[in-house]
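Novice:
There are 2 protein chains.
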Amino acid sequence: MIDIKLDYMPIANHEWIGMEPLLKVVHNSLHKGDCLGSDFLGWLDYPENYSKEEFGRVKAEAKRLRGMCDALIVVGIGGSYLGTRAVYEAMMPYYHESLSKAERGGPALYFIGNDLSTGHIIALMERLENVETALVIVSKSGKTLEPATAFRLLRKWLEEKYGDDAKDRIVAVTDGEKGVLKNLADKKGYRTFVVPDDIGGRYSVFTPVGMLPLAVAGIDVDGLMAGAAYMRNKLMDENVSNNICYRYAVTRMILLRKGKLIELLVNYEPKLIYITEWWKQLFGESEGKDQKGIFPAGATFTTDLHSMGQWIQDGSRNIFETVLRIRHEKEDIMVPEDEIDGDGLDFIDGKPLSLINDYALLGTSEAHGTGGVPQILVELDRMDEKNLGGLLYFFMKACAISGLLNGVNPFDQPGVEAYKTNLYRLLQSDEGGK
Amino acid sequence: MIDIKLDYMPIANHEWIGMEPLLKVVHNSLHKGDCLGSDFLGWLDYPENYSKEEFGRVKAEAKRLRGMCDALIVVGIGGSYLGTRAVYEAMMPYYHESLSKAERGGPALYFIGNDLSTGHIIALMERLENVETALVIVSKSGKTLEPATAFRLLRKWLEEKYGDDAKDRIVAVTDGEKGVLKNLADKKGYRTFVVPDDIGGRYSVFTPVGMLPLAVAGIDVDGLMAGAAYMRNKLMDENVSNNICYRYAVTRMILLRKGKLIELLVNYEPKLIYITEWWKQLFGESEGKDQKGIFPAGATFTTDLHSMGQWIQDGSRNIFETVLRIRHEKEDIMVPEDEIDGDGLDFIDGKPLSLINDYALLGTSEAHGTGGVPQILVELDRMDEKNLGGLLYFFMKACAISGLLNGVNPFDQPGVEAYKTNLYRLLQSDEGGK
Chain A
649 MIDIKLDYMP
659 IANHEWIGME
669 PLLKVVHNSL
679 HKGDCLGSDF
689 LGWLDYPENY
699 SKEEFGRVKA
709 EAKRLRGMCD
719 ALIVVGIGGS
729 YLGTRAVYEA
739 MMPYYHESLS
749 KAERGGPALY
759 FIGNDLSTGH
769 IIALMERLEN
779 VETALVIVSK
789 SGKTLEPATA
799 FRLLRKWLEE
809 KYGDDAKDRI
819 VAVTDGEKGV
829 LKNLADKKGY
839 RTFVVPDDIG
849 GRYSVFTPVG
859 MLPLAVAGID
869 VDGLMAGAAY
879 MRNKLMDENV
889 SNNICYRYAV
899 TRMILLRKGK
909 LIELLVNYEP
919 KLIYITEWWK
929 QLFGESEGKD
939 QKGIFPAGAT
949 FTTDLHSMGQ
959 WIQDGSRNIF
969 ETVLRIRHEK
979 EDIMVPEDEI
989 DGDGLDFIDG
999 KPLSLINDYA
1009 LLGTSEAHGT
1019 GGVPQILVEL
1029 DRMDEKNLGG
1039 LLYFFMKACA
1049 ISGLLNGVNP
1059 FDQPGVEAYK
1069 TNLYRLLQSD
1079 EGGK
Chain B
649 MIDIKLDYMP
659 IANHEWIGME
669 PLLKVVHNSL
679 HKGDCLGSDF
689 LGWLDYPENY
699 SKEEFGRVKA
709 EAKRLRGMCD
719 ALIVVGIGGS
729 YLGTRAVYEA
739 MMPYYHESLS
749 KAERGGPALY
759 FIGNDLSTGH
769 IIALMERLEN
779 VETALVIVSK
789 SGKTLEPATA
799 FRLLRKWLEE
809 KYGDDAKDRI
819 VAVTDGEKGV
829 LKNLADKKGY
839 RTFVVPDDIG
849 GRYSVFTPVG
859 MLPLAVAGID
869 VDGLMAGAAY
879 MRNKLMDENV
889 SNNICYRYAV
899 TRMILLRKGK
909 LIELLVNYEP
919 KLIYITEWWK
929 QLFGESEGKD
939 QKGIFPAGAT
949 FTTDLHSMGQ
959 WIQDGSRNIF
969 ETVLRIRHEK
979 EDIMVPEDEI
989 DGDGLDFIDG
999 KPLSLINDYA
1009 LLGTSEAHGT
1019 GGVPQILVEL
1029 DRMDEKNLGG
1039 LLYFFMKACA
1049 ISGLLNGVNP
1059 FDQPGVEAYK
1069 TNLYRLLQSD
1079 EGGK
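From first to last, the protein sequence lines are chains A and B.
Using the numbering used here, read the first sequence as starting at 649 and increasing by one per residue.
Using the numbering used here, read the second sequence as starting at 649 and increasing by one per residue.
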């Protein structure tokens, strides 16, 4: 079942009531489509309005690729891969890279073109030398340096490996009409899917951007979309006080005004770290502008309780935590007795490990509360495609509302161009360097 | 060659001069051993004073384990594994988990006992079911919940797998005299190595804590120690103005006083992310106390320029960056031409990828500087054991100096106990839960 709840909510009721009229304005403006950045609202009703015909083609193409390859390379950076990777890592077991295709339930995904590391791409080509491979490149324009560079190298590598058949192993998710990748794909005869014009990268996981590679990997993309649609309906509620994404948006904004400048998204399952990375882009890129914005950071517990735990418990009091709790684990294991009671922890004998992890969450929340760290709890029934689709949509809408409440355009990213401009100038003039 | 330099230094010379007298006091007090936390200064001269006899035994034991296993499980949390993992990931190629023992140059390391995830440990046991395995547990007391729980499960698993021979496949790095793990090891007949009493976890990477598993993996531990010894000598300089760790410590402290509350450690090579995790513990746990301290965070570029880049360029102006630059790459690859100039990036044709990555660093530094982000550049000649050993020692001493300048004890971590106390109470009473 899908069930996503909020708990804790460290603000007073009158603080919430003071924000309700503003929330109603923002709600109306978002749903009427006259807010800041209103050219990029395609994600809002996408889980309901998406093209069923196109989604069918995505699944058919995924089936073809699944049959053809043991490894799918996903070339993309930022919003062109983070949502895909977040879902993929969350749904796969640990150490999935060592599993066979049958054990894994589909081809393995390899994410590349998201850095400029020499060792990374060389090792990928060596790794896949004797592996049946296909490639999906995700790039709206085709001109972003990192994926374009990786794609040049890998296209050549695939053409050497498969000759003319390489074109049947390359799929482009790109602009529908124009752009250099669209042109190239048409010339080369690659299959293509469209990145909608009205959906920015960080809001695009439910489009072919995320759904094509996830379907290739064997992820239940219908479940993801159903979870998103469920959450969309739930969050349409005009009665803003019932609406959990409004609760979340307002709470974090009030905490910011009280000097809580850093938000830590906390999980208790290390493989969820790419959900954190996706979330950091979503909120960081949406709100970090005009010299404003909460700094989004992540932590994996209990791991980081033994590294960042001291800081969180008693460092500068400028942080709050948003904690992800998963109520039901897929599997469990009982802690065996220590035959000679060597470790002095007899109170864990025979206890399920998932229970100990959940007690760690409760004990940590209590400790951090005592230490002065406000907390928001986001609970999922279980980590499956439906709950995960719902969670991602929840964060997307909360982020839009939060940005609009803060008076910024949550759908643009003007600051991303600055480093590119300098980099292109350096490359063109070939000044400086090592 | 080993060569570690600092550059940029975004403070004025008179700001530095104003701090020199204080630095001299801190320098003397650290080296005389009468500073705060002076019971934990064993790391300071360790690269010179370490027991050569013990180091020889570490290497001999590593040789024995290397012959015996294809996988070494490292059980430990926080400072008991982060330094090991930082060095291991930095020195291994990408996708090393798919390599054979011969290709990798030694057994693969698997890090566990650093969380309470059910799926993680179940998947590890499945992964290693048919693999020759040995285990090193690193725990000063043996009573820390996470490693103790994993060790119970894995000890039983190894005993089922190897019977009585399991005891020859388990090595404990623990207290030299007392403690439950030491007792257990003596009863069971495990080989043991000592965690020195005067070195805290986050300063322990050059002791058997890090050196034993790293030597098993085939890392050049002599090179690591030589790099640390080189850096120790370099940083003894009483003339504080020549001393790069003092420059770093003072610069970050002055930036903090100017409202730069968050330090981002930036790398341009994704596999260095565990150096960031190690560094976050080092600085976070040392300085995050008494409601003070810079928040240590990490970023991998250019990856995160497409997620956190907007925030860094133009969000709240409360951050500064410490950028790791590696001057020479081990290998390189030339970007091929785009045969139909599809991507419009003809200026990268035929350029080495490592040069493009380095231009990205220069272009980004310029962009972030324009955006109001102060930066410190830490340059390594290359990513090898010597430079890495030097880098880790550099950060350790800079951290100690920085903490003492801020008037905190950089060697304790009183806040780490709070969550454990609650967790143990919950487990003992079995109240609450799911």
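Here a beta-carbon is modelled for each residue, glycine too, at the ideal position from N, C-alpha and C.
Source: prediction; values computed, not measured.
Confirm, please, whether the CB-CB distance from Thr951 of chain A to Asn762 of chain B is below 7 Å.
Specialist: Yes. Within cutoff.
Novice: Which residues in the same chain as Glu668 of chain B place their Cβ atom closer than 7 Å to its Cβ, once the five residues preceding and following it in sequence are excluded?
Specialist: Closer than 7 Å at the Cβ level, and outside the excluded window around Glu668 of chain B, lie Val888, Ser889.
Novice: Answer with buried or exposed for Gln1093 of chain A, where buried requires no fewer than 16 other C-beta atoms within 10 angstroms of its C-beta.
Specialist: Past the boundaries of the shown model lies residue 1093 of chain A; chain A is included only from 649 to 1082, so the question cannot be answered.
Novice: My assumption, with CB atoms under 8 Å, is that Ala771 of chain A sits in contact with Tyr743 of chain B. Please give the rounded CB distance.
Specialist: Contact flag correct, Cβ pair sits at about 5 Å.
Novice: Hey, would you say Ala820 of chain A sits closer than 7 Å to Ile769 of chain A, going by beta carbons?
Specialist: No, these two residues do not count as a Cβ contact at 7 Å.
Novice: Specify whether the segment 806-825 of chain A and the segment 775-791 of chain A touch according to this definition: at least 3 beta carbon pairs, one from each stretch, less than 8 Å apart.
Specialist: They touch, by the three-pair rule.
Novice: Does Met675 of chain B come within less than 7 Å of chain A when only Cβ atoms are used?
Specialist: Inspection of the sequence shows that residue 675 of chain B is occupied by His rather than by Met. So no, His675 of chain B is outside the interface.
Novice: Inspect the CB distances between the segment 931-944 of chain A and the segment 1046-1064 of chain A and report whether three or more fall short of 8 Å.
Specialist: In short, these stretches touch, since the Cβ pair count reaches three.
Novice: If you count every other CB in all the chains shown that lies within 10 Å of the CB of Thr781 of chain B, and 16 or more means buried, which is it?
Specialist: Buried, because 16 or more other Cβ atoms sit within 10 Å of the Cβ of Thr781 of chain B.
Novice: Quick one: residues in its chain with C-beta nearer than 6 Å to the C-beta of Leu829 of chain A, no 5 flanking neighbours on either side, listed in chain order?
Specialist: For Leu829 of chain A, where only same-chain residues beyond five positions count, the Cβ hits under 6 Å are Ser787, Gly790, Ala820, Thr822.
Novice: Is Ile981 of chain B closer than 7 Å to Leu1001 of chain B when the C-beta atoms are compared?
Specialist: A contact, by the Cβ cut-off of 7 Å.
Novice: DSSP state of Glu780 of chain B, grouped into three classes?
Specialist: Note: Glu780 of chain B maps to coil in three-state DSSP.
Novice: Are there 16 or more other CB atoms within 10 angstroms of the CB of Ser1077 of chain B, so buried, or fewer, so exposed?
Specialist: So Ser1077 of chain B counts as exposed.
Novice: Should the segment 964-980 of chain A be called in touch with the segment 902-916 of chain A, which here means at least 3 C-beta pairs below 8 Å?
Specialist: Output reads yes: the segment 902-916 of chain A touches the segment 964-980 of chain A.
Novice: What does Tyr768 of chain A reach in chain B if we use C-beta pairs closer than 7 Å?
Specialist: It should be noted that the sequence gives His, not Tyr, for residue 768 of chain A. Going along chain B in sequence order, the residues near His768 of chain A (Cβ under 7 Å) are Tyr742, Pro918.
Novice: Pair every Cβ in the segment 1030-1049 of chain A with every Cβ in the segment 872-883 of chain A, then say whether three or more of these pairs are closer than 8 Å.
Specialist: Cβ pair count under 8 Å is three or more, so yes.
Novice: Is the beta carbon of Ile659 of chain B less than 7 Å from the beta carbon of Thr899 of chain B?
Specialist: In this structure, Thr899 of chain B lies closer than 7 Å to Ile659 of chain B by Cβ.
Novice: Would you mind giving the Cβ-Cβ distance between Leu654 of chain A and Ile902 of chain A, rounded to the nearest angstrom? I have them listed as a contact below 8 Å.
Specialist: Not quite, the Cβ-Cβ distance comes to about 14 Å (not below 8 Å), so this is no contact.
Novice: Could you check which residue in A:Ile892, A:Thr855, A:Phe995 has the C-alpha nearest to that of Tyr656 of chain A?
Specialist: Of the listed residues, the one whose Cα sits closest to Tyr656 of chain A is A:Ile892.
Novice: For the segment 775-796 of chain B, enumerate the residues whose C-beta is nearer than 7 Å to any C-beta of chain A, in chain order.
Specialist: Residues passing the 7 Å Cβ filter: Arg775, Gly790, Lys791, Leu793, Glu794, Ala796.
Novice: On the criterion of 16 or more Cβ atoms from any shown chain inside 10 Å, does Lys1034 of chain A qualify as buried, or is it exposed?
Specialist: The residue is buried, with at least 16 neighbouring Cβ atoms inside 10 Å.
Novice: With DSSP as the reference, label Pro1058 of chain B as helix, strand or coil.
Specialist: Note: Pro1058 of chain B maps to coil in three-state DSSP.
Novice: Starting from Glu825 of chain B and walking both ways along the alpha helix (DSSP H), at which residues does that stretch end?
Specialist: Careful: Glu825 of chain B lies outside any alpha helix (DSSP H) and carries neither H nor E.
Novice: How should Gly1081 of chain A be labelled, buried or exposed, when 16 other C-beta atoms within 10 angstroms of its C-beta is the threshold for buried?
Specialist: The predicted position of Gly1081 of chain A is uncertain, since its pLDDT is 44 and thus under 50; no value can be drawn from it.
Novice: Within 7 Å of any Cβ in chain B, is that where the Cβ of Glu745 of chain A sits?
Specialist: Interface residue, yes.
Novice: Run down chain B in chain order and give the residues with a C-beta less than 7 Å from the C-beta of Arg965 of chain A.
Specialist: Within chain B, the residues near Arg965 of chain A are Gln939.
Novice: Would you please state the rounded distance, in angstroms, between the beta carbons of Leu1010 of chain B and Leu793 of chain A? I believe it to be under 8 Å.
Specialist: Not a contact, Cβ separation roughly 14 Å.
Novice: Starting from the beta carbon of Gln1023 of chain B, find every residue of chain A whose beta carbon is closer than 9 Å, and list them in chain order.
Specialist: Correct list: empty, because the minimum Cβ distance to chain A is about 13 Å.
Novice: Applying a beta-carbon distance threshold of less than 9 Å, which residues of chain A neighbour Val1064 of chain B?
Specialist: Ordered by position in chain A, the residues that pass the 9 Å Cβ test against Val1064 of chain B are Leu953, His954, Gly957, Gln958, Gln961.
Novice: Any beta carbon from chain B within less than 7 Å of Glu1027 of chain A's own beta carbon?
Specialist: Output row for Glu1027 of chain A: interface = no.
Novice: State yes or no: is the C-beta of Lys815 of chain A within less than 7 Å of the C-beta of Tyr838 of chain A?
Specialist: Contact: yes.
Novice: Report the CB separation of Phe1059 of chain B from Gly848 of chain B in whole angstroms; it is logged as a contact under 8 Å.
Specialist: Going by Cβ atoms, the distance from Phe1059 of chain B to Gly848 of chain B rounds to 5 Å, so yes, they are a contact pair.
Novice: In three-state terms, what does DSSP make of Pro984 of chain A?
Specialist: DSSP places Pro984 of chain A in coil when its eight states are reduced to three.
Novice: What span of residues does the beta strand (DSSP E) with Gly841 of chain B cover, start to end?
Specialist: Residue identity check: residue 841 of chain B is Phe in the sequence provided, not Gly. It spans 839-842 - the beta strand (DSSP E) in which Phe841 of chain B sits, taken as one unbroken run.
Novice: What is the C-beta distance between Ala1008 of chain B and Leu801 of chain A, in whole angstroms, given that I count them as a contact (C-beta under 8 Å)?
Specialist: 16 Å between Cβ atoms; not a contact.
Novice: With a threshold of 7 Å between beta-carbons, can Asp763 of chain B be considered close to chain A, or not?
Specialist: Yes - at least one Cβ of chain A is within 7 Å of the one on Asp763 of chain B.
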